[in-house]
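Trainee: Below is one structure. I have some questions about it.
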Amino acid sequence: MKFAALKGCVASALAISLGGCVTMQSMESDPRDDVRYRVGSEVTRQDTSGNTDVLTKDGWKSGALPEAKMPRQKVWYISRQESGIKAWQYGYQSEENYRYIDPLSPIVEASGFSATGWVTYLIKGDGANDYIVKRANFTKNTDPEVLGHLEGFRREWRFTPVGRPTMAAYGYHLTSKGLVLSRTPSAFTYFPSTNPRATLLPEDWQLAWRQKGDIESSRLLIVKKLAPKGFEPGRHQIGFFDLDKNRMLPMVFEMSFIPGSEDDQFGNRFFLYDTPRGPITITLEDGIKQVVVRNVRTGQQRVAFSRDAGIARIKAEQTNTGRISVEAAVGFSDKSIYDAEDFLYNARLTAPGG
87 MKFAALKGCV ASALAISLGG CVTMQSMESD PRDDVRYRVG SEVTRQDTSG NTDVLTKDGW
147 KSGALPEAKM PRQKVWYISR QESGIKAWQY GYQSEENYRY IDPLSPIVEA SGFSATGWVT
207 YLIKGDGAND YIVKRANFTK NTDPEVLGHL EGFRREWRFT PVGRPTMAAY GYHLTSKGLV
267 LSRTPSAFTY FPSTNPRATL LPEDWQLAWR QKGDIESSRL LIVKKLAPKG FEPGRHQIGF
327 FDLDKNRMLP MVFEMSFIPG SEDDQFGNRF FLYDTPRGPI TITLEDGIKQ VVVRNVRTGQ
387 QRVAFSRDAG IARIKAEQTN TGRISVEAAV GFSDKSIYDA EDFLYNARLT APGG
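Just so we're aligned, residue 87 is where the sequence shown starts under my numbering, counting upward by one.
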């Protein structure tokens, strides 16, 4: 490896014996050669993706833990920019990102996730709460497609698809390829489709406080139904409505929330990720006593952690390989699931061989 510069106050010949770190800039084009060396009991290097290698007598050895061999679904996170969007996978280098610029600007809102390579976004129109709805395939850099015109008017939204009549709704949710218009808490219209029409959820079911994941990939809407028991007014059933089959999935489970703050609590206790085998959820249930991982299409589920006194919080995120990691505050310690899919299908909390 050839180095153009040595940054910091520590010379490389003293690296083994002194503390601190040095950053070496490579003359070569490989981005993995732009590394930071941590000096102390061991010497490590970390590239811009966050991957860490350890220097041994036999050369550099990867410090990454092994992962279960299973197919992973690529999911992009969407970041809005004034004149476009950036799509990136968690932990990836900037070279792995997709950037998309629209001829018009500014972009004021975009769908948050994409497992399809598409993004739906809003362009500022002429007046207040006046938007042009567009979608584009950012992986192919295709020309954007205009879906219609969205306008806020007297506490409601009016969406006019290209060449179709205007639809009224009280809210909307952007997916990677379109949008869901909430006509009432229990009725919605999904666009685009071959026959856009209002769909009514089964009796007593309503759209959940928020939707997670990419609806266009999962083809599921998250729905809720009040199910109080005794002195628990905040108990709800959580279910899933299949957009393609126009019916509920058999999988239903219960979650409890403090009345008046259901939206925030649901956001912190319910996580959904699309996978090749079906959507995976990580939830805090039985009050706040259990962390459960499940495949909502197959119904397979497994309890990860349980504590009668309650679990303070959970956090789930997707790594740069597509693996879903989970952390939970169980008592006075943090416990973790290295790979939620591996745990669900193979009952393994730690890395394979770990």
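Built from N, CA and C at the ideal position, the CB exists for glycine as well. None of the values given here were measured: they were computed from a predicted structure.
Just to confirm the assignment, what range does the beta strand (DSSP E) spanning Leu267 have?
Mentor: 265–270 is the extent of the beta strand (DSSP E) around Leu267.
Trainee: For Leu104, name the three-state secondary structure that DSSP assigns.
Mentor: Only weak support exists for where Leu104 lies, its pLDDT of 42 falling under 50; the value from the coordinates is given anyway. Looking at Leu104 - three-state DSSP - the assignment turns out to be coil, as it is neither helix nor strand.
Trainee: Identify, in the order they occur along the chain, each residue of the same chain with its Cβ nearer than 8 Å to the Cβ of Pro271, setting aside the five sequence neighbours on each side.
Mentor: Within the same chain, Pro271 has close Cβ partners Gln292, Leu293.
Trainee: Take Leu190 and list the residues in its own chain whose beta-carbon comes closer than 6 Å to its own, dropping the five residues that flank it on each side.
Mentor: Within the same chain, Leu190 has close Cβ partners Ile209.
Trainee: Does the segment 161–177 touch the segment 382–395, meaning 3 or more C-beta pairs lie closer than 8 Å?
Mentor: At 8 Å Cβ cutoff, the stretches do not touch.
Trainee: Whole angstroms are fine: how far does the CA of Phe239 sit from the CA of Lys220?
Mentor: Lys220 and Phe239: Cα-Cα distance of roughly 20 Å.
Trainee: Sorted by chain position, which residues of the same chain lie with C-beta nearer than 6 Å to His447's C-beta, five sequence neighbours on each side aside?
Mentor: This structure gives no information on residue 447, because the portion of the chain shown stretches from 87 to 440.
Trainee: In three-state terms, what does DSSP make of Arg434?
Mentor: It is coil, neither helix nor strand.
Trainee: Please classify Asp144 as buried or exposed, where buried requires at least 16 other C-beta atoms within 10 Å of its C-beta.
Mentor: So Asp144 ends up on the exposed side.
Trainee: Taking the Cβ atom as the reference point for each residue, do Gln175 and Asp360 lie within a distance shorter than 7 Å?
Mentor: Not a contact, by the Cβ cut-off of 7 Å.
Trainee: Are Pro278 and Gly264 close, meaning C-beta to C-beta below 7 Å?
Mentor: Contact: yes.
Trainee: With a threshold of 16 other CB atoms inside 10 Å of the CB of Arg355, please say whether the residue is buried or exposed.
Mentor: When all chains shown are included, Arg355 counts as buried.
Trainee: Tell me where the beta strand (DSSP E) around Asn223 begins and ends.
Mentor: Note, Asn223: beta strand (DSSP E), 216–223.
Trainee: In chain order, what residues of the same chain have a beta carbon less than 6 Å from the beta carbon of Asp428, not counting five sequence neighbours either side?
Mentor: Around Asp428: Ala154, Arg434.
Trainee: Can you give me the C-alpha to C-alpha distance between Ser148 and Thr130, rounded to a whole angstrom?
Mentor: Cα to Cα, the separation comes out at about 9 Å.
Trainee: Classify Arg383: buried if its beta carbon has 16 or more other beta carbons within 10 angstroms, exposed otherwise.
Mentor: Label assigned to Arg383: buried.
Trainee: Look at the Cβ atom of Leu312, then the Cβ atom of Phe326, and state whether they are nearer than 7 Å.
Mentor: Their beta carbons are not under 7 Å apart, which means Leu312 does not touch Phe326 by this criterion.
Trainee: When burial is assigned at 16 or more other CB atoms within 10 Å of the CB, is Leu430 buried or exposed?
Mentor: Flag for Leu430 reads buried.
Trainee: Whose CA, out of Glu413, Arg409, Glu168, lies closest to the CA of Pro192?
Mentor: When each option's Cα is compared against that of Pro192, the closest is Glu168.
Trainee: Identify the residues that DSSP records as bridge partners of Ser148: which are they?
Mentor: Looking at the DSSP assignment, Ser148 forms a beta bridge with Asp139.
Trainee: Which term fits Asp425, buried or exposed, when burial requires 16 or more other beta carbons within 10 angstroms of its beta carbon?
Mentor: That one is buried.
Trainee: So, under 8 Å CB-CB, Arg321 and Ser347 are touching, yes? Tell me the CB distance rounded to an integer number of Å.
Mentor: That pair is no contact at about 14 Å.
Trainee: Just reading off the beta strand (DSSP E) that Asn381 is part of, what are its end residues?
Mentor: Element bounds for Asn381: 376–381.
Trainee: At what residue ranges does the segment 358–411 contain a whole run of the beta strand (DSSP E), taking only runs of 3 or more?
Mentor: List check, beta strand (DSSP E) in window: 366–371, 376–381, 387–392, 397–404.
Trainee: Nearest by alpha-carbon distance to Gln404: which of Arg388, Asn381, Ile423, Ser419 is it?
Mentor: The shortest C-alpha separation from Gln404 is found at Ile423.
Trainee: What three-state label does DSSP hand Glu242 in the structure shown?
Mentor: Reduced to three states, the DSSP call for Glu242 is strand.
Trainee: For Asp328 and Ser419, what's the separation of their Cα atoms in angstroms?
Mentor: Cα to Cα, Asp328 sits roughly 38 Å from Ser419.
Trainee: Which of the three DSSP states, helix, strand or coil, is assigned to Ala426?
Mentor: The answer is helix: DSSP assigns Ala426 an H, G or I state.
Trainee: Candidates Ile301, Ala273, Ile344, Asn183: which alpha carbon is nearest Val289's?
Mentor: Per the sequence shown, residue 289 should be read as Glu rather than Val. Taking only the C-alpha atoms, the option nearest Glu289 is Ala273.
Trainee: Pro230 and Asp188 look like a contact to me (Cβ under 8 Å); what is the Cβ gap, rounded to whole Å?
Mentor: Pro230 to Asp188, Cβ: 6 Å. Contact.
Trainee: Could you pull the start and end residues of the alpha helix (DSSP H) that Ser303 belongs to?
Mentor: Taken as a continuous stretch (DSSP letters only), the alpha helix (DSSP H) holding Ser303 covers 301–304.
Trainee: Would you mind working out which of Thr138, Met156, Gly170 sits nearest Asn432, comparing C-alpha positions?
Mentor: Measuring from the Cα of Asn432, the nearest candidate turns out to be Met156.
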